[in-house]
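Structure first, then comments.
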Amino acid sequence: MDSRCVAKVSAKDFLKRRTQLNCFKLIRDEYYSIVTRPINKTITSFIEPENEPKNRYMDIPCWEHSRVVLDTLKDDRTTSTRIESIAHIALFTYFHHIIPHNTIN
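Under full-length UniProt numbering, the letters of the sequence shown match residues 1 to 105, in that order.
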């Protein structure tokens with residue numbers, strides 16, 4: 001099975017599907033077919049109890065293969081993700097520093 005979650009759909013086909021009575025069931029079924037696929041990557045650091053407060057989302061794991069370890073101050077908070085191409089070549093690393101007075105991140 002193809003591991004990519006991308007499908008090319010023309011605007012005409014999209015609108016045709018959108019007007020079907022079971023449109024939302026189709027979307028739900030497709031969503032669950034994607035999220036229930038077996039994952040062949042590890043999330044060891046993500047599930048460690050000491051890292052739990054650092055995880056932004058509990059349902060979106062930090063994969064080991066793209067995790068970036070940063071040396072920061074104890075009360076500092078920086079998010080980092082390595083961005084890869086489809087061929088799994090590291091293209092660049094995205095850093096996001098949280099501003100202390102920012103209430104909406």
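Where a beta carbon is used, it is the ideal one built from N, C-alpha and C, also for glycine.
Only a predicted model underlies this, so the values are computations on that prediction, with no experimental measurement involved.
Tell me which residues share the same chain as residue i and place their Cβ nearer than 6 Å to its Cβ, disregarding the 5 neighbours each side in the sequence.
i, result
"GLU52", "none"
"HIS101", "Confidence at HIS101 is low in this model, with a pLDDT of 48, below 50, so the placement of that residue is unreliable and no value is reported for it."
"ASP13", "none"
"CYS62", "PHE46"
Quick one: is residue i near chain B, going by C-beta distance under 9 Å?
i, result
"GLU30", "The question asks about chain B, but that chain is absent: this structure has only one protein chain."
Which of helix, strand or coil does DSSP assign to residue i?
i, result
"ASN51", "helix"
"ILE39", "coil"
"ASP59", "coil"
"SER66", "helix"
"LEU21", "coil"
"SER10", "coil"
Can you find the residues in the same chain that come closer than 8 Å, C-beta to C-beta, to residue i, ignoring five residues on each side of it along the sequence?
i, result
"ILE99", "Only weak support exists for where ILE99 lies, its pLDDT of 48 falling under 50; the coordinates are left without a value."
"VAL9", "ARG17"
"THR36", "none"
In chain order, what residues of the same chain have a beta carbon less than 7 Å from the beta carbon of residue i, not counting five sequence neighbours either side?
i, result
"THR44", "GLU64"
Buried or exposed: residue i, going by 16 or more other Cβ atoms within 10 Å of its Cβ?
i, result
"CYS23", "exposed"
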